[in-house]
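Participant:
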Amino acid sequence: MSFISCIASIAFQVASSIPGLQRKVCDAIANHSNIASLSLDDQWQELVLVPLSTLENQDCQQSYVIVIDALDECDSQNDVQIILQRLAEVQSLQNTRVRVILTSRPEVPIQYGFTQVRRDKHQDFVLHDIEPTIIEHDISVFLSHRLEHIRQNYRLGAGWPEDGAVARLVQSSGGLFIWAATACRFIEENTQLAETRLSSLLHQGSDSMLPPERKLDAIYTTVLASSVQGEYNKAESQMLFKQFRQVVGPVVTVQDPLSVASLAGLLMKDVVTIRRTLANLQSVLNVPESDSIAIRLLHPSFRDFLVNPRRCSNPQFYIDERLVHREMYKHCLGLMSKHLRRDICNLQDPGALVAELKRTEINMHIQPQVQYACRFWVYHCTRSDVDISSCSEVESFFYRHFLHWLEALTLLNYGSDAVHMIHMLDDMFHVNRPSLQAVVHDATRFALAFRPVLEEAPLQLYHAGLIFSPKTSVIREIFSNEVPAWFLSRPKMAENWSPALQTLKGHSRSVNAVAFSPDGKTLASGS
Numbered sequence: 001m002s003f004i005s006c007i008a009s010i011a012f013q014v015a016s017s018i019p020g021l022q023r024k025v026c027d028a029i030a031n032h033s034n035i036a037s038l039s040l041d042d043q044w045q046e047l048v049l050v051p052l053s054t055l056e057n058q059d060c061q062q063s064y065v066i067v068i069d070a071l072d073e074c075d076s077q078n079d080v081q082i083i084l085q086r087l088a089e090v091q092s093l094q095n096t097r098v099r100v101i102l103t104s105r106p107e108v109p110i111q112y113g114f115t116q117v118r119r120d121k122h123q124d125f126v127l128h129d130i131e132p133t134i135i136e137h138d139i140s141v142f143l144s145h146r147l148e149h150i151r152q153n154y155r156l157g158a159g160w161p162e163d164g165a166v167a168r169l170v171q172s173s174g175g176l177f178i179w180a181a182t183a184c185r186f187i188e189e190n191t192q193l194a195e196t197r198l199s200s201l202l203h204q205g206s207d208s209m210l211p212p213e214r215k216l217d218a219i220y221t222t223v224l225a226s227s228v229q230g231e232y233n234k235a236e237s238q239m240l241f242k243q244f245r246q247v248v249g250p251v252v253t254v255q256d257p258l259s260v261a262s263l264a265g266l267l268m269k270d271v272v273t274i275r276r277t278l279a280n281l282q283s284v285l286n287v288p289e290s291d292s293i294a295i296r297l298l299h300p301s302f303r304d305f306l307v308n309p310r311r312c313s314n315p316q317f318y319i320d321e322r323l324v325h326r327e328m329y330k331h332c333l334g335l336m337s338k339h340l341r342r343d344i345c346n347l348q349d350p351g352a353l354v355a356e357l358k359r360t361e362i363n364m365h366i367q368p369q370v371q372y373a374c375r376f377w378v379y380h381c382t383r384s385d386v387d388i389s390s391c392s393e394v395e396s397f398f399y400r401h402f403l404h405w406l407e408a409l410t411l412l413n414y415g416s417d418a419v420h421m422i423h424m425l426d427d428m429f430h431v432n433r434p435s436l437q438a439v440v441h442d443a444t445r446f447a448l449a450f451r452p453v454l455e456e457a458p459l460q461l462y463h464a465g466l467i468f469s470p471k472t473s474v475i476r477e478i479f480s481n482e483v484p485a486w487f488l489s490r491p492k493m494a495e496n497w498s499p500a501l502q503t504l505k506g507h508s509r510s511v512n513a514v515a516f517s518p519d520g521k522t523l524a525s526g527s
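At position 309 of the sequence shown the residue is numbered 309 (UniProt numbering), and the sequence of numbers has no breaks.
(1) Please report the Cβ distance between T182 and S283, rounded to the nearest whole angstrom; I am assuming they are in contact, meaning their Cβ atoms lie under 8 Å.
(2) Give me, in chain order, the residues of the same chain whose beta-carbon lies closer than 8 Å to that of S140; leave out the 5 immediate sequence neighbours on both sides.
(3) Do the region 348-365 and the region 448-462 make contact, defined as three or more Cβ pairs closer than 8 Å?
(4) At what residue ranges does the region 30-65 contain a whole run of the alpha helix (DSSP H), taking only runs of 4 or more?
(5) Does the beta-carbon of R119 have 16 or more other beta-carbons within 10 angstroms, so that it is buried, or is it exposed?
(6) Nearest-angstrom Cα distance between R326 and A28?
(7) Which residue or residues does DSSP assign as beta-bridge partners of S259?
(8) With respect to the alpha helix (DSSP H) encompassing L409, which residues constitute its N-terminal and C-terminal limits?
(9) How many Å lie between C381 and L425 at the Cα?
(10) Which parts of the region 129-184 are runs of the alpha helix (DSSP H), unbroken and 4 residues or longer, counting only runs that do not cross its ends?
(11) Closer than 7 Å by C-beta to D343: which residues in its own chain qualify, once you throw out the five before and the five after it? Chain order, please.
(12) One question on the structure: do V260 and I274 come within less than 8 Å of each other, judged by their Cβ atoms?
(13) In chain order, what residues of the same chain lie with their CB nearer than 8 Å to the CB of R185, ignoring the 5 residues before and after it?
(14) CB I83 to CB L71, shorter than 8 Å?
(15) To the nearest whole angstrom, what separates the beta carbons of V48 and I7, a pair I think is in contact under 8 Å?
(16) Under the rule that 16 or more other beta-carbon atoms within 10 Å means buried, what is I150, buried or exposed?
(17) Please go through the same chain and pick out, in chain order, the residues whose beta-carbon is closer than 7 Å to the beta-carbon of F479, but skip the five residues on each side of it.
(18) Within 10 angstroms of its Cβ, does S17 collect 16 or more other Cβ (buried), or is it exposed?
(19) Looking at the structure shown, is S525 part of a helix, part of a strand, or coil, going by DSSP?
(20) With three or more C-beta pairs closer than 8 Å as the rule, is the region 368-384 touching the region 435-453?
(21) Please return the same chain residues whose Cβ sits closer than 7 Å to the Cβ of I293, not counting the five positions on each side in sequence.
(22) Could you give the residue range of the beta strand (DSSP E) that holds I319?
(23) If you reduce the DSSP assignment to three classes, tell me which class N286 lands in.
(24) At 4 residues or longer, and completely inside the region 192-279: list those alpha helix (DSSP H) runs for me, N to C.
(25) In the DSSP assignment, find the unbroken alpha helix (DSSP H) run with R476 in it and report its ends.
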């Protein structure tokens with residue numbers, strides 16, 4: 001989570017949950033058509049703080065709670081502190097109907113962000129200091145409620161679960177609510193196996209000396225083993241385990257959750273195969289019925305378990321992160337090479353502005369899995385076990401599709417990320433692949449030099465970008481066939497990357513014609 005995603009999430013939920021505030025948030029967006037380009041502080045003020053402050057003037061006495069869970073999983077410590085400081089502003093509002101609850105592992109000093117709020121306005125509460133008997137009581141109440149719900153739904157006997165079952169499950173949980181929640185989902189996942197699955201959990205044993213993490217590992221192992229139970233020969237079992245790693249591996253390593261349809265498109269598998277592989281993992285994964293809604297982990301501890309060979313004792317289920325990242329990188333590169341092209345949205349106008357494009361139109365031409373590939377192929381590459389000394393795929397991709405990739409990123413409003421990603425590649429290849437390093441280094445300068453223009457009109461990549469690149473530019477040389485034909489007769493070109501781009505002024509309409517003087521020193525434009 002980052003501060004910008006936090007703003008969007010809180011604004012959406014505030015608008016959806018609090019009567020009267022939806023109009024306030026919508027008005028803020030309508031009054032600031034460029035709100036996405038405002039500073040994050042201004043976005044926070046307009047979309048969250050100002051709408052919430054209007055509650056002071058309402059007669060309704062309803063109380064509202066903003067809950068931010070797992071603050072320690074933010075992208076950076078800096079984001080943590082920014083979020084804390086902004087939420088402190090919510091607590092400082094004069095009305096008392098808005099409360100903020102934050103949860104985090106102990107290493108994140110939550111109180112830091114509330115230093116400007118009076119002590120009586122906030123309270124630190126360390127869960128580890130709660131008496132174990134209180135936690136066990138709460139887990140017992142939770143389990144009793146959920147199991148009774150299962151009994152009624154599945155019409156199980158009045159004596160189910162057996163006497164003492166809840167107490168034994170509480171002991172097995174090790175004080176972890178995630179264990180109890182996973183156990184209930186596991187039991188409830190299959191109507192015909194509810195009784196059998198409860199029995200298997202009760203017979204796992206409840207060694208009170210085991211640390212909570214080991215108990216969580218035990219239930220995850222049980223869930224995984226049950227997902228592939230059946231009469232299979234050795235070859236069939238190996239096929240199922242391989243399919244598990246190929247599908248679940250990406251699910252737990254993606255940077256942005258993918259839907260069933262998008263995951264199938266990225267992995268070049270059919271939707272039926274994806275669904276069949278995930279069908280028996282509903283107790284640890286949220287797999288929506290709709291193929292277009294993202295698959296999500298129900299708790300990050302499942303990922304931590306799968307990628308740690310010391311915790312995931314069955315090597316058939318162990319997810320080797322570097323191997324998965326390598327496969328994801330290759331899938332991303334292959335998908336982009338297949339789909340990316342010049343003017344991918346068929347704009348046909350070099351001056352077409354991103355601001356005038358509808359997101360639905362962009363999504364129609366750039367499918368979600370291609371969007372993911374464009375944004376995260378470098379992330380997967382840098383975290384993989386790819387042999388960079390023989391990484392010809394990246395070199396080939398840059399020679400064929402660098403400009404197409406940059407165009408797609410800009411259309412998706414992630415053009416600024418391109419420079420960071422290219423820098424990451426530059427760090428990878430500066431020693432082992434000098435020829436590729438030269439291309440990557442020049443690509444960095446190209447993206448930086450033309451970023452202001454491209455973020456407004458992406459197709460200027462093939463016009464202003466190539467035209468005003470110095471003649472020594474590797475990118476210009478590679479894509480010389482993309483240079484407009486009318487420009488080929490220009491007598492002089494820039495020698496290096498130092499010249500600055502200039503804006504053509506004095507036009508009431510878009511520029512549709514330009515021409516150089518014979519000496520190459522003057523540029524005339526017409527509209």
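Note that CB positions come from ideal geometry on N, CA and C, so glycine has one too.
Facilitator: On the basis of the data shown:
(1) For this step, residue 182 is matched to residue 182 along the sequence shown. For this step, residue 283 is matched to residue 283 along the sequence shown. T182 to S283, Cβ: 6 Å. Contact.
(2) As a working mapping, residue 140 is identified with position 140 in the sequence shown. V166, A167 and V170.
(3) yes
(4) Those alpha helix (DSSP H) runs which fall completely within the region 30-65 and span 4+ residues are 40-44 and 50-53.
(5) As a working note, residue 119 is residue 119 in the sequence shown. Low local confidence applies: a pLDDT of 45 at R119 is under 50, so the model's placement there is unreliable, with the coordinate-based value given in what follows. By the 10 Å Cβ count, R119 comes out exposed.
(6) Mapped onto the sequence shown, residue 326 falls at position 326. Mapped onto the sequence shown, residue 28 falls at position 28. R326 and A28: Cα-Cα distance of roughly 43 Å.
(7) Position 259 of the sequence shown, counted from the start, is the residue given in the question as residue 259. Its beta-bridge partners are A294.
(8) Counting from one through the sequence shown, the residue named residue 409 turns up at place 409. From DSSP, the alpha helix (DSSP H) with L409 extends over S392 to L411.
(9) Numbered from 1 along the sequence shown, position 381 holds the residue referred to as residue 381. Numbered from 1 along the sequence shown, position 425 holds the residue referred to as residue 425. Approximately 9 Å, taken between the alpha carbons.
(10) Counting whole runs of 4 or more residues, the region 129-184 contains the alpha helix (DSSP H) stretches 132-154 and 165-173.
(11) In the sequence shown, counting from the first residue as 1, residue 343 sits at position 343. Shown here for D343: same chain residues with a beta carbon closer than 7 Å to its own, the five before and five after excluded, namely L459 in chain order.
(12) Translated into positions along the sequence shown, residue 260 becomes position 260. Translated into positions along the sequence shown, residue 274 becomes position 274. Yes, the pair counts as a contact, with Cβ atoms nearer than the cut-off.
(13) Against the sequence shown, residue 185 aligns to sequence position 185. Excluding positions up to five away in sequence, the list reads Q282, S283, V284 and L298.
(14) Counting from one through the sequence shown, the residue named residue 83 turns up at place 83. Counting from one through the sequence shown, the residue named residue 71 turns up at place 71. Taking 8 Å as the cut-off, the beta carbon of I83 is found closer than this to the beta carbon of L71.
(15) On the sequence shown, residue 48 is found 48 positions in, with the first residue counted as 1. On the sequence shown, residue 7 is found 7 positions in, with the first residue counted as 1. V48 to I7, Cβ: 7 Å. Contact.
(16) The residue given as residue 150 occupies position 150 in the sequence shown. Buried, because 16 or more other Cβ atoms sit within 10 Å of the Cβ of I150.
(17) On the sequence shown, position 479 is the one that residue 479 refers to. Counting only Cβ-Cβ distances below 7 Å, and skipping sequence neighbours, we find L403 and L466.
(18) Here residue 17 refers to the residue found at position 17 of the sequence shown. With a 10 Å radius around the Cβ and a threshold of 16 neighbouring Cβ atoms, S17 comes out exposed.
(19) As a first step, residue 525 must be located in the sequence shown, where it is residue number 525. S525: strand per DSSP, three-state reduction.
(20) no
(21) Taking the sequence shown and counting its residues from 1, one reaches residue 293 at position 293. Residues S259 of the same chain have their beta carbon placed closer than 7 Å to that of I293, with the five preceding and five following residues left out of the count.
(22) For this step, residue 319 is matched to residue 319 along the sequence shown. Run containing I319: none; DSSP gives neither H nor E here.
(23) Indexing the sequence shown from 1 puts residue 286 at position 286. Strand.
(24) 194-202, 212-227, 234-253, 260-267 and 271-278
(25) Here residue 476 is taken as the residue at index 476 of the sequence shown, counted from 1. Its alpha helix (DSSP H) spans residues V474 to I478.
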